[in-house]
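S.K.:
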Amino acid sequence: MSLFQKKKVLVLFGSPQGHGHTRGLLDAFLEAFSENREWQVQELNLYEESFHPCVGCGACAKQEGCVFSDMDGFDRAFRQCDLLVVASPVYNFSFPAPVKAWLDRTQRYFEARFSLGLNPPVKKHRQAVLLLTMGSQDDYAVEVCTHQLERAFSVMNTGLSACVLWEGTDRGDGGRGEAQARARAIALEILEKM
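So, in structure tokens, the structure goes:
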């Protein structure tokens with residue numbers, strides 16, 4: 139057993155397209171981490187995970203956790219990670235349904251904080267990065283997505299430190315280089331600080 143423990147990046151991939159714009163932006167961001175032996179990357183494809191939607195049963199207000207065990211693997215990985223990355227396209231000014239299902243299920247952390255009195259409900263602090271791709275150009279969609287994440291992160295001991303946007307993808311790959319360069323720059327900044 140090694141005394142050296144790698145830092146961990148947990149990626150939540152929220153696109154149905156495994157080789158589309160969102161993947162291209164994520165790959166540009168992760169390049170620096172894959173080249174750095176001090177970091178380990180774990181990715182969860184939210185389309186493949188198929189997290190059950192929150193049913194508002196209130197069980198997480200009585201006992202830490204959720205009546206559905208499908209997010210227990212996420213919870214373990216999340217509590218261990220040093221950096222959380224959410225990579226998603228924008229659908230109708232928000233996240234696609236699988237990302238939204240994950241986001242709604244973070245209610246368990248809200249209830250742990252306010253109903254069960256765990257402060258903070260997640261001990262380890264981490265930073266998060268949002269990588270967004272969007273067919274059009276609309277600042278409101280970015281506001282909606284970042285606001286939703288920040289609300290959830292407020293009880294998850296997580297700070298949204300950066301958002302990289304590749305907009306106008308419906309018109310082709312015109313903004314690819316600039317968006318990928320920004321993603322790489324954010325990744326390098328994080329590696330320098332952590």
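With positions in the sequence shown counted from 1, the corresponding number in my numbering is that position plus 138.
Idealized CB from N, CA, C, for every residue including glycine.
Since the model is a prediction, treat every value here as computed from it, not as a measurement.
Pair every Cβ in the segment 221-241 with every Cβ in the segment 186-199, then say whether three or more of these pairs are closer than 8 Å.
M.R.: Short answer: they touch.
S.K.: So Cys283 and Val228 are supposed to be a Cβ contact under 8 Å. How far apart are they, rounded?
M.R.: Rounded, the Cβ-Cβ distance is 7 Å, consistent with contact.
S.K.: Please report the residue range of the alpha helix (DSSP H) in which Gly315 lies.
M.R.: Arg314 to Lys331 is the extent of the alpha helix (DSSP H) around Gly315.
S.K.: Taking the beta strand (DSSP E) that Val147 belongs to, which residues open and close that run?
M.R.: Residues Lys145 to Phe151.
S.K.: Thinking Gln265 and Leu163 are a contact (beta carbons under 8 Å), I'd like their distance in whole angstroms, please.
M.R.: That pair is no contact at about 18 Å.
S.K.: For the 8 Å Cβ check, are there 3 or more pairs between the segment 149-158 and the segment 248-264?
M.R.: Touching, no, given that fewer than three Cβ pairs across the two stretches are closer than 8 Å.
S.K.: Taking all protein chains shown into account, decide if Val193 is buried (16 or more other Cβ within 10 angstroms of its Cβ) or exposed.
M.R.: Val193 comes out exposed.
S.K.: If you reduce the DSSP assignment to three classes, tell me which class Thr271 lands in.
M.R.: Residue state, collapsed to three classes: strand.
S.K.: Would you report the Cα separation of Leu221 and Phe231, rounded to the nearest angstrom?
M.R.: So the alpha carbons of these two residues sit roughly 25 Å apart.
S.K.: Could you check whether the segment 162-180 touches the segment 319-328, counting it as contact only if at least three pairs of C-beta atoms, one from each stretch, sit closer than 8 Å?
M.R.: With a cut-off of 8 Å, the segment 319-328 and the segment 162-180 count as touching, because enough Cβ pairs lie within range.
S.K.: In this structure, does DSSP put Ser172 in helix, strand or coil?
M.R.: Here Ser172 sits in helix by DSSP.
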